[in-house]
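Each remark here refers to the structure printed beneath this line.
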Amino acid sequence: MTINLILLSISIIILLIILFFYISSVINFIRLNVPQIATYNSDFEIMKKWLIKYNLQWKKIIDLWSWTWKSLRFFEKYFNARATWYEIDYSNYLVSIILNKFNWLNSNINRANFLKANLNEFDFIYMYLFQETMDKYADFIFSNSKKWTIIFANAFKFSNKKPIEILYWVNWKEEIYIYQV
């Protein structure tokens with residue numbers, strides 16, 4: 005009976021954690037129109053090929069609300085970039101702190117809105133936001149980033165900005181739009 009009680013307790017805790025993540029994600033989506041979508045590995049592969057082709061030297065990158073830690077791991081692993089992440093979702097922030105403790109991430113993680121970030125100190129910006137959200141913050145991003153900053157916009161583009169290049173994935177209809185400030 006004691007083992008059953010322990011298993012039941014563990015199951016309830018796991019369900020509560022999942023429920024916490026789900027509710028937190030839904031609230032942020034409703035409040036901020038920020039998608040909770042993980043980036044596909046294929047997206048990173050085409051970005052990797054583009055970055056290697058142009059032999060870009062990595063310094064600092066910021067991930068603006070893309071929810072996934074995959075982008076941070078990708079840029080750290082393949083390009084030895086110093087990644088910074090601004091996260092407004094409590095659940096994602098807590099998990100990222102835990103991942104940093106186990107050295108799965110080696111990023112600077114901020115529990116704040118990226119509008120508080122000094123974008124001028126970053127060489128690269130990665131974002132995976134809906135069209136309306138990107139357009140809402142386009143002026144802020146482009147006016148507060150330093151000259152020559154590269155912006156990777158996954159799947160959605162800025163309506164009023166022209167990308168310098170569009171990367172296509174053969175097996176997927178989404179594109180990655182590349183902008184330069």
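Position 40 (the sequence shown) corresponds to 44 in my numbering; numbering is contiguous.
Heads up, the beta-carbon is just placed ideally off N, CA and C, and yes, glycines get one too.
No experiment lies behind these values; they were computed from the predicted model shown.
Segment contact: the stretch 131-147 against the stretch 76-85, fewer than three CB-CB distances shorter than 8 Å; contact not assigned.
With a threshold of 16 other beta carbon atoms within 10 Å, Thr6 falls short and is exposed. Each residue's CA atom was taken as its position, placing Ile129 and Met51 some 13 Å apart.
Excluding residues up to 5 positions away in sequence, Tyr90 lie with their Cβ nearer than 6 Å to the Cβ of Asn114 in the same chain. Counting the other Cβ atoms within 10 Å of the Cβ of Tyr132 gives 16 or more, which makes it buried. Between the alpha carbons of Lys150 and Asn122 lies a distance of about 10 Å. Counting C-beta atoms within 10 angstroms of its own C-beta, Lys53 has fewer than 16 neighbours from the protein chains shown and is therefore classed as exposed.
In terms of Cβ geometry, Lys105 and Ala85 do not form a close pair [threshold 8 Å].
When secondary structure is reduced to three states using DSSP, Trp173 falls in the coil class, being assigned neither helix nor strand.
Cβ neighbours of Ile155 within its own chain (closer than 6 Å, five residues either side excluded): Ile129 and Tyr183. DSSP lists no beta-bridge partner residue for Gln135. The shortest C-alpha to C-alpha distance from Lys120 to any of Asn158, Ile66, Leu171 and Ala159 is the one to Ile66.
Put simply, the backbone Cα of Leu68 is about 15 Å away from that of Glu136. With distances taken between CA atoms, Phe126 lies nearest to Trp152 out of Leu11, Trp152, Asn8 and Ser163. Distance from the CA atom of Phe83 to the CA atom of Asn112, rounded to whole angstroms, is 16 Å.
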